[in-house]
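Visitor:
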Amino acid sequence: MGDYVLSCCSTADMDAAFYENRDIKYVCFHFFLGGRMYLDDLGSSISFDEFYSRMAEGADTKTSQVNVDEYVDHFEKFLIEGKDVLHLTLSSGISGTVNSAVIAKDMLSEKYPDRKLIVIDSYAASGGFGLFMDKLADLRDEGKSIDEVAQYAIDNRLKLHHWFFTSDLTYLIRGGRVSKVSGFFGNMLNICPLLNVNNEGKLIPRFKIRTKKKVIAACVEQMVLHAQDGTDYKGKCFINHAWCEDDALQVAALIEEKFPALKGRIVINFIGTTIGSHTGPGTVALFFWGDERTA
816 MGDYVLSCCS TADMDAAFYE NRDIKYVCFH FFLGGRMYLD DLGSSISFDE FYSRMAEGAD
876 TKTSQVNVDE YVDHFEKFLI EGKDVLHLTL SSGISGTVNS AVIAKDMLSE KYPDRKLIVI
936 DSYAASGGFG LFMDKLADLR DEGKSIDEVA QYAIDNRLKL HHWFFTSDLT YLIRGGRVSK
996 VSGFFGNMLN ICPLLNVNNE GKLIPRFKIR TKKKVIAACV EQMVLHAQDG TDYKGKCFIN
1056 HAWCEDDALQ VAALIEEKFP ALKGRIVINF IGTTIGSHTG PGTVALFFWG DERTA
């Protein structure tokens, strides 16, 4: 294992055991729920059930990215120990946190000129970010250097696919991704939009699909179309959900039908409180390795 630190943001939306087992460090975003600030600390400060139930009851939410001082504190504790750091941030298409991380890096590079501190925009979010970090941890454990792993991250970050759908347009309307008029009629007509993360790391609505059953099928069909080796895909597959585990399980079951090598191997987690503040309850997200995102 390389003597350097792999680091990311809490918005990779994996559980605490994942970070511990894979030896990945993380720095926490913040969110506000009902006017009170919490750390996005993997459900420790407030359970995901409570968070989403309060959202469903109408509690206001907003988020706050990691600031420069917090990045400095996070990075410096490793640099003091004589370790180099490779940190990946939440996609710049979703958050400006990469700018704060780069400022912190520049400040610390002057203070620790003999250490390497590399910051990379993941162009990823939620479980896709987690899947990315999982692969980088594999490379580190194989003995790859920090520079080799960093170059792999840059070369392959657009091969991560993110497909999201939601059965409640309320939160997409609040975030401005769906107009109030379209959202009103969409909810009336049971429209479930299918979105993905594009080649600029932005969340983009792709299809308007009527009924949850059809959007689940359409989501899995995108995996058939784009996964490495098609239905012979043997890589890892992550699914995250916002308080709708049954929907996530339906997606997983359909994937196992179409991708025999994935039977019993799909990892399901919650969408965390930062991403969930914007998607709201009722969202399911599918992540896998595939062809390069070009649009």
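Residue numbers (the working numbering): 816 to 1110. Backbone N, C-alpha and C fix where the C-beta goes; we use that ideal spot for every residue, glycine too. Predicted model only: the values in this text are computed from it and were never measured.
Which class does Phe1000 belong to by DSSP, given the choice of helix, strand or coil?
Guide: Interpretation of Phe1000 is limited by its pLDDT of 37, a score under 50 that renders its predicted location unreliable; the figure taken from the coordinates is listed afterwards. Note: Phe1000 maps to helix in three-state DSSP.
Visitor: For Lys995, which three-state DSSP category applies?
Guide: Reliability of the predicted coordinates at Lys995 is poor, the pLDDT of 48 falling under 50, and no value is obtained from them.
Visitor: Excluding the 5 residues preceding and the 5 following Leu1101 in the sequence, name in chain order all residues of the same chain whose CB lies nearer than 7 Å to its CB.
Guide: Trp978, Cys1034, Met1038, Ile1054, Val1066
Visitor: Give the DSSP bridge partners of Ala1042, in chain order.
Guide: As computed with DSSP, Ala1042 is found in a beta bridge with Gly1105.
Visitor: In chain order, what residues of the same chain lie with their CB nearer than 6 Å to the CB of Tyr1048, ignoring the 5 residues before and after it?
Guide: Ala1042, Phe1074
Visitor: Given Val820, which residues of its chain have a CB within under 6 Å of its CB, disregarding the five upstream and five downstream residues?
Guide: So the list reads Lys840, Phe893, Lys898, Val900, once near-sequence residues are dropped.
Visitor: Hey, out of Ser859, Leu905, Ala1063, Asp949, whose CA is closest to Val881's CA?
Guide: Leu905
Visitor: Any C-beta of chain C sitting closer than 9 Å to the C-beta of Lys950?
Guide: You won't find chain C in this structure, because it holds only one protein chain.
Visitor: Could you give the distance in angstroms between the alpha-carbon of Leu1018 and the alpha-carbon of Ser937?
Guide: 14 Å
Visitor: Closest by CA to Glu963, which one among Leu951, Lys974, Arg972, Leu973?
Guide: Nearest option by C-alpha distance: Leu951.
Visitor: Given that a residue counts as buried once 16 or more other Cβ atoms are within 10 Å of its Cβ, and exposed if not, what is Thr1089?
Guide: buried
Visitor: Suppose you measure from the CA of Lys1028 to the CA of Glu835; what does that come to, to the nearest Å?
Guide: 36 Å
Visitor: Please report the distance separating the alpha-carbon of Glu925 from that of Phe847.
Guide: 34 Å
Visitor: Can you tell me whether Asp1044 is buried or exposed? The criterion is at least 16 other CB atoms within 10 Å of its CB, across all chains shown.
Guide: exposed
Visitor: Where does Val881 sit, in a helix, a strand or coil, going by DSSP?
Guide: coil
Visitor: Looking only at C-alpha atoms, which of Phe1103, Tyr867, His1093 sits nearest to Thr878?
Guide: His1093
Visitor: Which residues share a DSSP beta bridge with Ile839?
Guide: Leu821
Visitor: Check for me: the beta strand (DSSP E) holding Thr904 runs from which residue to which?
Guide: 899-904
Visitor: Work out the CA separation of Glu1071 and Lys1078 for me, nearest whole Å.
Guide: 5 Å
Visitor: Answer with buried or exposed for Phe1000, where buried requires no fewer than 16 other C-beta atoms within 10 angstroms of its C-beta.
Guide: Any answer about Phe1000 is weak, because its pLDDT of 37 lies below 50 and its placement is not dependable; what the coordinates show is given next. Counting Cβ neighbours within 10 Å, Phe1000 comes out exposed, since fewer than 16 surround it.
Visitor: Would you identify the three-state DSSP class for Ile775, choosing helix, strand or coil?
Guide: Outside the shown range of the chain, which is 816 to 1110, sits residue 775, and nothing can be said about it.
Visitor: Below 8 Å, can you find three or more Cβ-Cβ pairs linking the region 910-927 to the region 868-876?
Guide: no
Visitor: Can you tell me which of the three DSSP states Cys1059 falls into?
Guide: coil
Visitor: Give every residue of the same chain whose Cβ lies closer than 7 Å to the Cβ of Glu885, excluding the five residues on either side of it in the sequence, and list them in chain order.
Guide: Val842
Visitor: Go through its chain and collect everything with a Cβ distance to Lys1021's Cβ below 7 Å, but skip five positions before and after it.
Guide: A small correction: the amino acid at residue 1021 is Arg; Lys does not occupy that position in the sequence shown. Excluding residues within five positions, the ones whose Cβ falls inside 7 Å are Leu1009, Leu1010, Asn1011.
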